[in-house]
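Working notes for the structure below.
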Amino acid sequence: MGKAVPTSKHSYGHGGWEPRTSRCTYVCKGKRRAGVAKAGEQPECPLNDADDGRRTVLASTTPSRDTIREWLYENTNLKKLSGQVLQELANGIVVKKVRSGDVLCREGERPDEIYVVRKGMLETKFFGVQEDVPPSSILMLTEVLREVTSSCSLEACTDAEVWAIPSSYLKELAARKPELALMLSVQLADQLAMLNEKQRSESEKQKVLRRYYVQPTNESFPQISIDTFAGKSRYFQNLRKQLLAAANDSERNHVLVFGEPGLFKDKLAQLIHENSVYCDEPVVMLQCKNIKPGAPELFGDDNNPGLLKSVGRGSIILNNVQDIHSDIVDTLFSTLDSAMCDKNSDDCQARLLFISEKTVPALSNFPLTRIKVPPLRLARRDIPHLVNFYLQEYTKHRGLEKVPTITPEVMKDLEAFDHPDNFAGLFYSLRRAVIQTEASPEGSTIGRSTLWFTRKPEQNVRLNLLDQLPILRKFLRSDIWPERINFDFTLYAFAAIVLILWFGPQERDTNFALNFFWAWWWPGIFLVYLGLGRVWCAVCPFMIYGELVQRWRLSKGAVLRKWPKNMDAWGPWFLFWMFAAILVWEECWDLPDTAYLSGWLLVLITAGAMICSYFFEKRLWCRYLCPIGGMNAMFAKLSVTELRAKQGVCTAECDTYHCYKGGPAEPPEGLETNGCPLGSHPAQLKDNKDCVLCMECLKACPYRSVEFNLRVPFADLLEKHNATASEVSLMFLLLGASYLHRLPALLEQFGLQDLSTEEGILSSLGMHMLVSSFVLAAPGLLVYAVDSIFVSGLRMKRGGDDPVSKASSLRKPATFVELAYGYLPLVWAITLAFYTELGLSEAFRVLQVAGRTIGLSPEVAERLPGFSLQDSDTLAVLQTLTLMTGLALSVFITKYLSKMSWKECLPHFFLLGGLTLEAWLLDIPGAFWGSWT
Numbered sequence: 001m002g003k004a005v006p007t008s009k010h011s012y013g014h015g016g017w018e019p020r021t022s023r024c025t026y027v028c029k030g031k032r033r034a035g036v037a038k039a040g041e042q043p044e045c046p047l048n049d050a051d052d053g054r055r056t057v058l059a060s061t062t063p064s065r066d067t068i069r070e071w072l073y074e075n076t077n078l079k080k081l082s083g084q085v086l087q088e089l090a091n092g093i094v095v096k097k098v099r100s101g102d103v104l105c106r107e108g109e110r111p112d113e114i115y116v117v118r119k120g121m122l123e124t125k126f127f128g129v130q131e132d133v134p135p136s137s138i139l140m141l142t143e144v145l146r147e148v149t150s151s152c153s154l155e156a157c158t159d160a161e162v163w164a165i166p167s168s169y170l171k172e173l174a175a176r177k178p179e180l181a182l183m184l185s186v187q188l189a190d191q192l193a194m195l196n197e198k199q200r201s202e203s204e205k206q207k208v209l210r211r212y213y214v215q216p217t218n219e220s221f222p223q224i225s226i227d228t229f230a231g232k233s234r235y236f237q238n239l240r241k242q243l244l245a246a247a248n249d250s251e252r253n254h255v256l257v258f259g260e261p262g263l264f265k266d267k268l269a270q271l272i273h274e275n276s277v278y279c280d281e282p283v284v285m286l287q288c289k290n291i292k293p294g295a296p297e298l299f300g301d302d303n304n305p306g307l308l309k310s311v312g313r314g315s316i317i318l319n320n321v322q323d324i325h326s327d328i329v330d331t332l333f334s335t336l337d338s339a340m341c342d343k344n345s346d347d348c349q350a351r352l353l354f355i356s357e358k359t360v361p362a363l364s365n366f367p368l369t370r371i372k373v374p375p376l377r378l379a380r381r382d383i384p385h386l387v388n389f390y391l392q393e394y395t396k397h398r399g400l401e402k403v404p405t406i407t408p409e410v411m412k413d414l415e416a417f418d419h420p421d422n423f424a425g426l427f428y429s430l431r432r433a434v435i436q437t438e439a440s441p442e443g444s445t446i447g448r449s450t451l452w453f454t455r456k457p458e459q460n461v462r463l464n465l466l467d468q469l470p471i472l473r474k475f476l477r478s479d480i481w482p483e484r485i486n487f488d489f490t491l492y493a494f495a496a497i498v499l500i501l502w503f504g505p506q507e508r509d510t511n512f513a514l515n516f517f518w519a520w521w522w523p524g525i526f527l528v529y530l531g532l533g534r535v536w537c538a539v540c541p542f543m544i545y546g547e548l549v550q551r552w553r554l555s556k557g558a559v560l561r562k563w564p565k566n567m568d569a570w571g572p573w574f575l576f577w578m579f580a581a582i583l584v585w586e587e588c589w590d591l592p593d594t595a596y597l598s599g600w601l602l603v604l605i606t607a608g609a610m611i612c613s614y615f616f617e618k619r620l621w622c623r624y625l626c627p628i629g630g631m632n633a634m635f636a637k638l639s640v641t642e643l644r645a646k647q648g649v650c651t652a653e654c655d656t657y658h659c660y661k662g663g664p665a666e667p668p669e670g671l672e673t674n675g676c677p678l679g680s681h682p683a684q685l686k687d688n689k690d691c692v693l694c695m696e697c698l699k700a701c702p703y704r705s706v707e708f709n710l711r712v713p714f715a716d717l718l719e720k721h722n723a724t725a726s727e728v729s730l731m732f733l734l735l736g737a738s739y740l741h742r743l744p745a746l747l748e749q750f751g752l753q754d755l756s757t758e759e760g761i762l763s764s765l766g767m768h769m770l771v772s773s774f775v776l777a778a779p780g781l782l783v784y785a786v787d788s789i790f791v792s793g794l795r796m797k798r799g800g801d802d803p804v805s806k807a808s809s810l811r812k813p814a815t816f817v818e819l820a821y822g823y824l825p826l827v828w829a830i831t832l833a834f835y836t837e838l839g840l841s842e843a844f845r846v847l848q849v850a851g852r853t854i855g856l857s858p859e860v861a862e863r864l865p866g867f868s869l870q871d872s873d874t875l876a877v878l879q880t881l882t883l884m885t886g887l888a889l890s891v892f893i894t895k896y897l898s899k900m901s902w903k904e905c906l907p908h909f910f911l912l913g914g915l916t917l918e919a920w921l922l923d924i925p926g927a928f929w930g931s932w933t
């Protein structure tokens with residue numbers, strides 16, 4: 001092998017016998033330094049270990065004594081001795097061959113021979129400083145002459161040849177040869193002086209390191225390791241691989257560990273060091289915010305050598321490196337990469353482990369091993385493992401006999417919580433709970449009263465009705481809802497209603513089905529929106545027949561198609577235009593008072609559901625194409641109830657997704673279901689738009705993750721919801737429909753009542769359809785025009801589209817689509833006010849109408865129970881209260897959504913007031929408008 005290069009200024013060079021002290025505190029058995037053997041690789045050795053743990057060495061064939069004498073003369077300072085003395089030294093040498101990893105002497109042992117390195121490299125360690133021993137070095141001389149124990153361990157870095165001189169032979173020869181005794185005395189004095197200097201230097205380094213030492217992870221609290229600090233999720237399995245790869249990196253590249261607060265990143269950096277081949281070297285941690293200008297803590301000054309030199313081949317953890325000055329980082333890397341600090345020097349061989357919570361631009365240009373620690377919310381299924389681990393650790397730390405248990409409800413809360421403080425927040429919450437449990441009358445059980453933490457703002461105003469009303473949970477999980485209701489009742493009732501509409505009397509005051517459709521269903525569904533959102537879709541007869549078609553197709557072995565990928569783009573617009581066509585048809589052909597046409601309307605919508613169900617799986621028609629479903633989805637955002645699932649529980653415990661896809665029963669309480677008919681996952685719902693409250697997810701979930709919550713009304717509008725242009729268009733279409741239903745009164749307001757006479761232009765079907773279309777579109781176009789003019793003027797006033805200050809950007813007006821949802825409560829109120837008149841005028845005469853339907857004479861039918869509130873003060877008061885409530889809610893929500901001041905919202909407020917006043921004048925003509933006519 002080639003000539004070895006000394007790695008320290010105190011190592012021996014070729015031909016020198018300079019003072020050399022064998023020195024080390026401990027050498028980790030079986031671990032090799034970088035560049036000598038692969039990191040973590042156990043050197044192969046065919047020899048058995050001795051009883052004392054030292055590896056035996058294999059004696060080689062002894063070369064000739066003349067050869068040994070000549071080598072000593074040529075390569076060491078022993079040439080000062082006479083030839084006779086050199087010959088006698090050569091005669092006493094025992095030639096040994098050692099393998100890489102063999103230990104010649106351990107710390108604390110008394111050596112019985114000195115060693116001359118003939119070939120190969122040995123290694124010593126002294127006060128944490130590791131040094132290589134090249135050929136020609138003479139070792140253990142001081143210990144043998146002074147008859148003391150070794151302060152270091154001596155280990156072979158490579159296969160080597162070592163010449164050993166027994167101590168007894170050396171002493172006997174020195175007693176006979178005064179010149180040898182004199183040389184040994186001089187060398188002993190020099191080595192003792194160097195030893196003292198080394199001890200002083202190392203003491204200074206230890207003094208520097210002592211301030212920054214960190215407690216080993218196996219002694220810290222909580223005790224963590226690479227295997228125990230997290231669970232088995234794929235995020236943390238990948239993190240373990242990254243940590244081990246960084247620990248076993250033979251190049252010792254510097255590492256950046258970054259992530260959110262509370263992830264124990266400092267301990268993870270320690271684990272990288274403790275699992276490396278330099279695990280016995282010192283590891284220190286420095287808070288970057290405490291680094292002084294010039295960083296004397298790292299580079300040293302006149303009073304201390306600095307951490308870079310003091311730590312040797314250990315590791316320096318720089319915590320919160322985002323707080324460090326970029327100039328210090330540049331100097332740090334240039335120092336480590338400079339020629340003065342080459343790979344063969346003991347100075348500046350530290351490995352840097354950076355810890356950061358933010359992006360550090362100063363580190364972007366340097367080659368680093370980057371390890372991102374995932375937040376706890378991405379690995380919720382690891383939370384039960386972490387909870388049990390932390391509880392066991394803290395219970396042991398406090399000396400408690402029994403580990404507290406966590407109730408299932410609290411565990412689900414922990415899984416659902418986002419844990420902004422990650423591991424640290426979870427640990428400290430559990431620590432507080434354990435302390436509180438010791439004095440709790442509940443004993444060693446941690447319940448919701450013991451473990452508390454900050455919940456999301458929206459969670460604080462929710463009440464899970466399923467927990468408060470167990471009988472409600474039982475009903476909703478039974479086959480009564482909605483299976484038996486749909487297929488044992490609604491299926492047949494709907495068919496009967498359509499037949500009555502087709503073949504019964506055609507006027508609304510004589511047809512029970514027509515009365516039910518227009519006087520009961522329409523006002524009733526708008527009241528249901530506030531309480532149960534889109535629940536009508538769960539019992540809708542349209543899709544009941546669609547499901548019959550699906551079941552028939554599946555029974556024949558058919559494979560239904562997946563939904564088209566672009567349904568989100570064009571489906572809602574198809575729904576909008578279909579609804580517009582239905583409204584024009586309703587007005588021009590007088591569907592509310594024409595039974596058979598109303599029947600055909602129901603059949604038309606049912607046919608759409610059946611056709612879609614014939615080709616596609618689940619309820620494509622309900623989610624994207626049904627006009628009634630679109631209206632239900634929009635107004636469901638006003639509901640005081642919602643169905644949601646705990647995201648944490650779903651992420652942590654579920655891997656079947658039966659609530660979404662359907663599947664067999666899953667213990668402990670999951671039932672067999674077909675999955676969500678609208679293809680929605682309850683944990684991913686942002687609003688009520690895509691939930692029909694069919695409770696398929698509640699039945700399928702075995703973990704009690706699904707909640708049926710009572711909440712603040714119109715919460716979807718105040719929180720994040722899906723705002724779309726198609727839905728806003730549908731909303732204003734329904735607003736226009738409210739005025740279209742009062743078209744004669746509307747024309748009379750503007751003095752155009754002659755248009756609706758038999759000779760008027762509305763007698764023409766084409767003109768009637770054109771006017772109807774204009775009335776439907778007018779409110780939406782008016783609101784859009786006012787908003788466009790207002791927003792344009794506001795932007796001009798502020799100096800353009802791009803805000804020049806943070807304050808102006810925070811007050812940037814909302815887009816029209818976002819702000820338009822403020823009109824939704826008013827649209828609901830105006831529509832309900834119209835159908836309230838129809839309902840209170842005719843709904844409670846249903847028995848009388850039913851009598852006429854079955855053929856009773858008008859005189860007999862009038863004797864049946866019934867009453868009407870038409871033209872009554874009660875009706876006027878109810879309509880007025882409804883309109884005022886809708887106006888107040890719309891003003892509040894518009895102000896909230898607009899992100900503008902009250903003054904800047906005045907145009908929309910005036911517009912809301914005008915639309916409300918117009919509806920009031922049309923609905924209650926006798927209260928105001930009638931006095932002017």
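Quick note: the sequence shown, position 389, residue 389 per full-length UniProt numbering, numbers continuous.
C-beta atoms are modelled at their ideal positions from N, C-alpha and C, and glycine is treated no differently.
The structure presented is a predicted model; accordingly, all values stated were derived computationally and were not measured.
Terminal residues of the beta strand (DSSP E) in which residue 603 lies: Position 603 of the sequence shown holds residue 603. Where residue 603 is concerned, there is no enclosing beta strand (DSSP E), although the alpha helix (DSSP H) it sits in stretches over 595–615.
Distance, residue 85 Cα to residue 186 Cα: Along the sequence shown, one-based indexing puts residue 186 at 186. Along the sequence shown, one-based indexing puts residue 85 at 85. Between residue 186 and residue 85, the C-alpha separation is close to 17 Å.
Under 8 Å Cβ to Cβ from residue 867, same chain only, skipping five residues before and after it: list those, please. For this step, residue 867 is matched to residue 867 along the sequence shown. Answer for residue 867: 844 and 845, listed in chain order.
Would you identify the three-state DSSP class for residue 319, choosing helix, strand or coil? Taking the first residue of the sequence shown as position 1, residue 319 is located at position 319. Three-state result, residue 319: strand.
Are the stretch 462–480 and the stretch 514–532 touching, with three or more C-beta to C-beta distances below 8 Å? no
Output the boundary residues of the alpha helix (DSSP H) element that contains residue 657. Residue mapping note: residue 657 aligns to position 657 of the sequence shown, counting from 1. Counting along the chain, residue 657 falls outside any alpha helix (DSSP H), and DSSP gives it neither H nor E.
Buried or exposed for residue 939, please, with buried defined as at least 16 other CB atoms from any protein chain shown within 10 angstroms of its CB. No answer is possible for residue 939: the residues shown for the chain start at 1 and end at 933.
Residues in the same chain with beta-carbon distance under 8 Å from residue 730, minus the five sequence neighbours each way, listed in chain order, please. Counting from 1 along the sequence shown, the entry for residue 730 is found at position 730. So the qualifying residues of the chain are 572, 575, 576, 579, 630, 631 and 634.
Take every Cβ of the stretch 813–822, pair it with every Cβ of the stretch 618–626, and state whether three or more of those distances are shorter than 8 Å. no
What residue range is occupied by the uninterrupted beta strand (DSSP E) comprising residue 356? As a working mapping, residue 356 is identified with position 356 in the sequence shown. Note, residue 356: beta strand (DSSP E), 351–356.
Delimiting residues of the beta strand (DSSP E) encompassing residue 114: Stepping through the sequence shown from its first residue, residue 114 is reached at position 114. Unbroken beta strand (DSSP E) run through residue 114: 113–119.
Who does residue 577 pair with in a DSSP beta bridge? Working through the sequence shown from its first residue, we reach residue 577 at position 577. In the DSSP output, where bridge partners are listed per residue, residue 577 has none listed.
Look at the alpha carbon of residue 59 and the alpha carbon of residue 105, and state the distance between them as a whole number of angstroms. Counting from 1 along the sequence shown, the entry for residue 59 is found at position 59. Counting from 1 along the sequence shown, the entry for residue 105 is found at position 105. Reliability of the predicted coordinates at residue 59 is poor, the pLDDT of 44 falling under 50, and the value obtained from them is presented with this limitation in mind. Distance between the alpha carbons of residue 59 and residue 105 is about 17 Å.
From the DSSP output, in three-state form, read off residue 821 for me. Within the sequence shown, numbered from 1, the residue matching residue 821 stands at position 821. Looking at residue 821 - three-state DSSP - the assignment turns out to be helix.
Looking only at its own chain, which residues have a Cβ that is under 8 Å from the Cβ of residue 331, when we skip the five neighbours before and after it? Sequence index remark: in the sequence shown, residue 331 carries index 331 (1-based). For residue 331, where only same-chain residues beyond five positions count, the Cβ hits under 8 Å are 295 and 299.
Could you tell me whether the stretch 736–750 touches the stretch 703–711, where touching means 3 or more Cβ pairs closer than 8 Å? no
Proximity winner among 122, 871, 560 and 75, relative to residue 98 (alpha-carbon distances): Along the sequence shown, one-based indexing puts residue 98 at 98. For the residues 122, 871, 560 and 75, the minimum Cα distance to residue 98 belongs to 122.
Should residue 923 be labelled buried (16 or more other beta-carbon atoms within 10 Å of its own) or exposed? In the sequence shown, residue 923 corresponds to position 923, counting from 1. Label assigned to residue 923: buried.
Return yes when the Cβ of residue 697 is within less than 8 Å of the Cβ of residue 682, no when it is not. Here residue 682 corresponds to residue number 682 of the sequence shown, with the count starting at 1. Here residue 697 corresponds to residue number 697 of the sequence shown, with the count starting at 1. Yes, they are a contact pair.
Does the beta-carbon of residue 226 have 16 or more other beta-carbons within 10 angstroms, so that it is buried, or is it exposed? For this step, residue 226 is matched to residue 226 along the sequence shown. So residue 226 counts as buried.
Excluding the 5 residues flanking residue 118 on each side, which residues of the same chain have their C-beta closer than 7 Å to its C-beta? Working through the sequence shown from its first residue, we reach residue 118 at position 118. Excluding positions up to five away in sequence, the list reads 135, 161, 162 and 163.
When DSSP labels each residue in this structure, what does residue 589 get in the three-state scheme? Counting from one through the sequence shown, the residue named residue 589 turns up at place 589. It is coil, neither helix nor strand.
Count Cβ pairs between the stretch 886–906 and the stretch 854–864 that sit closer than 8 Å; are there 3 or more? no
Are the stretch 882–892 and the stretch 912–921 touching, with three or more C-beta to C-beta distances below 8 Å? yes
With 16 other Cβ atoms within 10 Å as the buried cut-off, status of residue 375: Here residue 375 refers to the residue found at position 375 when the sequence shown is read from its first residue. Under this definition residue 375 is a buried residue.
Selected residue, minimal CA-CA separation from residue 315, among 246, 323 and 334: As a working note, residue 315 is residue 315 in the sequence shown. Checked all of 246, 323 and 334; the closest Cα to residue 315 is 246.
How long is the line joining the alpha carbons of residue 639 and residue 887, rounded to whole angstroms? Start at 1 with the first residue of the sequence shown, and residue 639 comes out as number 639. Start at 1 with the first residue of the sequence shown, and residue 887 comes out as number 887. Looking at the two C-alpha atoms, the distance is approximately 17 Å.
Environment of residue 80 [buried if 16+ CB atoms lie within 10 Å]: As a working mapping, residue 80 is identified with position 80 in the sequence shown. The residue is exposed, with fewer than 16 neighbouring Cβ atoms inside 10 Å.
Tell me which same chain residues have a C-beta within less than 6 Å of the C-beta of residue 513, skipping the five on either side of it? Reading the sequence shown from its first residue, position 513 is the one you call residue 513. Taken in chain order, the residues that qualify are 497, 500 and 501.
Could you give the C-beta distance for residue 150 and residue 109, rounded to a whole number, given that I count them as a contact under 8 Å? Start at 1 with the first residue of the sequence shown, and residue 150 comes out as number 150. Start at 1 with the first residue of the sequence shown, and residue 109 comes out as number 109. Rounded, the Cβ-Cβ distance is 6 Å, consistent with contact.
Given a cut-off of 8 Å on the beta-carbon distance, is the pair residue 229 and residue 264 in contact? As a first step, residue 229 is located in the sequence shown; it is residue number 229 there, counting from the start. As a first step, residue 264 is located in the sequence shown; it is residue number 264 there, counting from the start. Yes, the pair counts as a contact, with Cβ atoms nearer than the cut-off.
Using the Cα positions of residue 702 and residue 461, report the straight-line distance between them to the nearest angstrom. On the sequence shown, residue 702 is found 702 positions in, with the first residue counted as 1. On the sequence shown, residue 461 is found 461 positions in, with the first residue counted as 1. Whole-angstrom Cα-Cα distance: 25 Å.
Return the first residue and the last residue of the beta strand (DSSP E) that residue 287 is part of. Your numbering for residue 287 matches position 287 in the sequence shown. Counting along the chain, the beta strand (DSSP E) containing residue 287 begins and ends at 283–287.
Delimiting residues of the alpha helix (DSSP H) encompassing residue 846: As a first step, residue 846 must be located in the sequence shown, where it is residue number 846. Here the alpha helix (DSSP H) through residue 846 covers 846–853.
Run of the alpha helix (DSSP H) containing residue 76, from where it starts to where it stops: Indexing the sequence shown from 1 puts residue 76 at position 76. Note, residue 76: premise wrong, no alpha helix (DSSP H); not H, not E.
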